[in-house]
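Note that the protein sequences, when read in sequence, are chains A and B.
If you're matching positions, the first sequence starts at 1 in the numbering used here and goes up one per residue.
If you're matching positions, the second sequence starts at 336 in the numbering used here and goes up one per residue.
Each residue gets a CB set at the ideal place from its N, CA and C atoms; glycine is no exception.
These figures come from a predicted structure and were not determined experimentally.
First the structure, in the form of structure tokens, and then the observations on it.
There are 2 protein chains.
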Amino acid sequence: MKRWTIKDIAKKAGVSITTVSRVLNHKEEGMSQKTREKVLKVMEEVDFQPNQFARGLVTKRSKTFGLIVPNISNPYFPELCRGVEDEANESEYSLIICNSDDQTEKEKRYLRLLEEQQVDGIIFSAKDSLDPSDEEQLSRAKIPFVLIDRGKNEKKHSGVFLDNDKGGYLAGKHLIELGHRRIGCITGPKSIALSNDRLEGFQRALLESGVELPPSQIIEGNFQMEMAYHKSKDLLMKKEVTAIFACNDVMACGVYRMAHELGINIPTDLSIVGFDDIPLISALIPKLTTIRQDTYQMGREAVNLLIQKLENKDTTSVMFNPTLVVRESSTSPKL
Amino acid sequence: MKRWTIKDIAKKAGVSITTVSRVLNHKEEGMSQKTREKVLKVMEEVDFQPNQFARGLVTKRSKTFGLIVPNISNPYFPELCRGVEDEANESEYSLIICNSDDQTEKEKRYLRLLEEQQVDGIIFSAKDSLDPSDEEQLSRAKIPFVLIDRGKNEKKHSGVFLDNDKGGYLAGKHLIELGHRRIGCITGPKSIALSNDRLEGFQRALLESGVELPPSQIIEGNFQMEMAYHKSKDLLMKKEVTAIFACNDVMACGVYRMAHELGINIPTDLSIVGFDDIPLISALIPKLTTIRQDTYQMGREAVNLLIQKLENKDTTSVMFNPTLVVRESSTSPKL
DNA sequence: TTGTAGGCGTTATCAT
DNA sequence: ATGATAACGCCTACAA
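What follows is the structure in structure tokens.
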């Protein structure tokens with residue numbers, strides 16, 4: 001026998017296909033308990049699985065979500081994906097994952113792909129703010145979507161975000177409280193909003209204590225280790241700063257490496273604070289003080305938000321709070 | 336207007352739906368160039384997208400693959416996923432990713448989910464060897480599948496694997512050549528075949544040079560950092576070995592940490608060789624010597640294999656070769 | 001070269 | 001409480 005259909009089930013159970021369909025869809029009314037059980041038994045026996053194509057054809061639902069992230073190999077994202085996947089599966093959705101590599105080109109292609117696959121919704125971690133043409137495509141296709149991590153735009157779209165300004169503030173405050181007065185910062189790309197948010201929060205904390213952050217102590221990185229490694233050299237050699245705030249953990253690793261090469265001891269000679277608290281950093285020696293975000297939970301929350309949208313409920317963005325995790329890489333400066 | 340159908344296109348272009356269908360499916364014969372162009376133009380104009388449900392209903396194909404991995408948060412897997420995804424997408428397939436957490440329970444559930452979603456094929460990184468009930472489910476559902484990384488079983492199923500024995504051998508050989516004679520090994524779980532393969536290859540290399548590997552110098556780990564960290568303590572404190580082969584990079588990180596705590600310098604006092612060459616380790620100081628595998632390419636290859644299966648071609652497993660990457664963590668032992 | 005019509009497996013709308 | 005039947009949108013013999 002090939003695949004069983006409700007027709008087959010109906011025949012075998014001696015009922016109509018309508019009845020089988022009712023059982024399948026848990027319609028409670030309009031059926032005797034006996035009939036229901038009879039049908040269920042047959043379905044059980046043959047391990048019946050309804051054809052999703054046929055179903056989708058009429059219901060217009062695929063029970064599938066799409067997730068677009070920049071790059072799963074970026075250690076920030078696996079946790080986020082897990083959160084999204086676990087929550088999606090608990091709500092009986094499958095998840096199609098796409099990596100955009102932060103290329104508008106690919107974002108578009110995948111948006112198109114997901115539209116073709118007729119996903120019921122999309123969770124989107126965009127390049128930065130949502131590209132206008134992406135936006136148009138999304139609205140034309142009328143696919144519900146939520147943003148995550150990036151692309152915050154208060155009024156326009158709902159999503160799940162981190163309070164990056166606060167994160168930066170926590171980092172700055174922590175270093176100030178330790179007694180640091182000459183502090184450097186390695187930022188993410190200026191073109192990315194969350195990167196600027198972190199810097200601004202950081203500066204605000206310093207300013208509150210009257211500490212200056214001269215441009216020469218701000219280095220623009222790209223969230224990658226390599227560039228942070230190279231660009232931190234000047235800053236470290238001039239010995240002008242006693243502490244550095246790296247706007248993500250991966251760049252903090254780059255600083256670790258350069259410090260080690262230059263014979264600068266962490267934290268004795270130099271304190272470092274990272275951002276994200278990705279799993280990777282448990283391998284660092286000494287352990288990295290960082291600003292933690294609950295990426296996994298953010299992923300779960302994004303799915304909840306999306307499901308609410310599907311149910312036409314009013315949705316508002318969810319803002320997560322970062323927390324400071326003090327470990328070994330930050331301490332008071334030497335006198 | 337709601338979604339366009341081929342019927343709408345047909346009307347607008349003044350042809351029959353058959354003709355539209357033909358254009359859609361790139362049937363070359365049986366149509367004048369003019370007609371084709373006319374239809375294409377209309378499709379272009381309205382940005383037509385065929386309904387995959389309707390299509391699948393008749394073709395029985397979803398243009399979707401499923402990928403089951405233990406855990407995307409394990410740093411070995413993101414690269415593998417990327418390989419699978421990139422190759423799948425280039426062949427016009429979407430990818431549903433599932434994390435089994437190495438639980439047979441979840442493997443089953445996801446297998447079921449993928450079956451329900453009617454994926455065209457599955458790429459499976461099983462717990463170890465393929466569970467008999469999984470096997471049964473797979474064959475009952477008649478879903479083509481290939482294994483990847485784990486579950487090698489020469490005769491039974493094809494897949495993409497690494498020559499782990501060779502990898503272990505390379506590690507052993509390298510340390511021997513550096514002059515080490517007292518060497519420790521931290522293995523993966525004994526229950527996992529590839530873990531034993533690595534150990535066996537390693538032992539073979541030592542044996543060739545008449546070097547013993549007493550049981551006291553073999554520690555069974557679980558591929559995680561924590562356990563490797565704790566369990567390596569004894570070995571390191573007794574100062575019995577001048578080198579350690581950790582059967583994956585993550586465990587090597589654990590050893591780094593313990594060595595640091597005990598004031599043991601790497602590589603002066605202790606050489607370390609890892610396995611995998613995961614991206615994470617670029618953060619380690621000193622840089623880790625390791626056995627590299629081309630995980631990304633293995634992912635791509637798995638998709639190729641699967642596609643060949645779909646085309647009913649004869650398929651045989653693909654075996655990848657690991658390579659030794661010498662960095663800073665291994666050197667000759669002190670006299 | 002082009003068109004007609006039946007069927008794919010469900011759900012949903014009416015009947016009974 | 002249960003059943004017959006028309007969609008849903010596409011593909012594919014078979015006709016013309």
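Q) Name the chain A residues whose beta carbon is nearer than 8 angstroms to that of threonine 399 of chain B? A) Ile96 and Gln117
**Q.** Limits of the unbroken beta strand (DSSP E) element including phenylalanine 655 of chain B
**A.** 653–655
Q. Taking any Cβ of chain A, which residues in the stretch 365–390 of chain B have a Cβ under 9 angstroms from it, in chain order?
A. Asp382, Gln384, Pro385, Asn386, Gln387, Phe388, Ala389 and Arg390
Q: Less than 8 angstroms between the CB atoms is what I'm expecting for tyrosine 411 of chain B and threonine 630 of chain B, so what's the real figure, rounded?
A: 7 angstroms
Q: Closer than 9 angstroms, Cβ to Cβ, to anything on chain B: give me those residues from the stretch 214–227 of chain A, in chain order.
A: Met225 and Glu226
(Q) So that I know if they touch, is there some Cβ in chain B lying closer than 8 angstroms to that of tyrosine 256 of chain A? (A) yes
**Q.** Helix, strand or coil at phenylalanine 48 of chain A [DSSP, three-state]
**A.** coil
**Q.** Cutoff 8 angstroms: histidine 230 of chain A Cβ touching any chain B Cβ
**A.** no
Q. Hey, out of B:Ser544, B:Glu451, B:Glu636 and B:Leu659, whose CA is closest to valine 608 of chain B's CA?
A. B:Leu659
Q: Answer yes if the stretch 391–398 of chain B comes into contact with the stretch 355–372 of chain B, meaning at least three C-beta pairs across the two stretches below 8 angstroms, and no otherwise.
A: no
Q: Give, in chain order, every residue of the stretch 608–625 of chain B whose Cβ lies closer than 7 angstroms to some Cβ of chain A.
A: Pro614, Leu615, Ser617, Ala618, Leu619 and Ile620
Q. When the Cα atoms are used, what is the spatial distance from serine 530 of chain B to glutamate 440 of chain B?
A. 22 angstroms
Q.
Let me check understanding here. Comparing Cα to Cα, which of A:His157, A:Lys239 and A:Glu301 lies closest to cysteine 81 of chain A?
A. A:Glu301
Q: Give every residue of the same chain whose Cβ lies closer than 8 angstroms to the Cβ of valine 404 of chain B, excluding the five residues on either side of it in the sequence, and list them in chain order.
A: Phe412, Leu415, Cys416, Ile432, Cys433, Asn434, Ser435 and Ser460
Q: With DSSP as the reference, label serine 642 of chain B as helix, strand or coil.
A: A small fix is needed here, since residue 642 of chain B is isoleucine in this sequence, not serine. Isoleucine 642 of chain B: helix per DSSP, three-state reduction.
Q. According to DSSP, is serine 271 of chain A helix, strand or coil?
A. strand
Q. Applying the criterion that 16 or more other CB atoms from any shown protein chain within 10 Å of the CB defines a buried residue, is glutamine 52 of chain A buried or exposed?
A. buried
Q | Three-state class that DSSP yields for arginine 327 of chain A in the structure shown | A | coil
**Q.** Cross-chain neighbours of arginine 417 of chain B in chain A, by beta carbon under 8 angstroms
**A.** Asn71, Ile72, Ser73 and Asn99
Q. Do the CB positions of arginine 533 of chain B and cysteine 582 of chain B come within less than 8 angstroms of each other?
A. yes
**Q.** Between the CA atoms of serine 429 of chain B and glutamate 379 of chain B - distance to the nearest angstrom
**A.** 23 angstroms
Q. Assuming isoleucine 219 of chain A and glycine 184 of chain A make a contact with CB atoms under 8 angstroms, what is their CB distance in whole Å?
A. 7 angstroms
Q.
Once DSSP output is grouped into helix, strand and coil, what is the label at glycine 418 of chain B?
A. helix
(Q) Between glutamate 107 of chain A and aspartate 131 of chain A, how many whole angstroms is the CB-CB distance? I'm expecting something under 8 angstroms. (A) 7 angstroms
**Q.** chain A contacts made by the stretch 434–449 of chain B, where a contact means CB separation under 9 angstroms
**A.** Asn434, Arg444, Tyr445, Arg447, Leu448 and Leu449
Q.
Let me confirm a value: threonine 316 of chain A is counted as buried when at least 16 other C-beta atoms fall within 10 Å, else exposed. Which label applies?
A. exposed
Q: Check whether the stretch 201–218 of chain A touches the stretch 303–310 of chain A, taking contact to mean three or more Cβ pairs, one atom from each stretch, closer than 8 angstroms.
A: no
Q | Bounding residues of the beta strand (DSSP E) (the contiguous stretch that carries glutamate 555 of chain B) | A | 553–555
(Q) Going by beta-carbon coordinates alone, are phenylalanine 580 of chain B and phenylalanine 537 of chain B separated by less than 8 angstroms? (A) yes
Q) Looking at the unbroken alpha helix (DSSP H) that takes in phenylalanine 202 of chain A, where does it start and where does it end? A) 193–208
Q) Considering only residues of the same chain and omitting the five flanking positions on each side of threonine 613 of chain B, which have a CB-CB separation below 7 angstroms? A) The sequence shown places isoleucine at residue 613 of chain B, rather than the threonine named in the question. Pro410, Tyr411 and Asp584.
Q | Counted within 10 angstroms of its Cβ, other Cβ atoms place serine 351 of chain B as buried (16 or more) or exposed | A | exposed
Q.
Whole angstroms are fine: how far does the CA of leucine 670 of chain B sit from the CA of glycine 172 of chain A?
A. 48 angstroms
(Q) Counting only beta-carbon separations shorter than 8 angstroms, does histidine 157 of chain A have a partner in chain B? (A) no
Q. Do we get a CB-CB distance below 8 angstroms when we pair glutamate 90 of chain A with the residues of chain B?
A. no
Q: Given a cut-off of 8 angstroms, decide if threonine 603 of chain B and serine 665 of chain B are closer than it, judged by their beta-carbon atoms.
A: no
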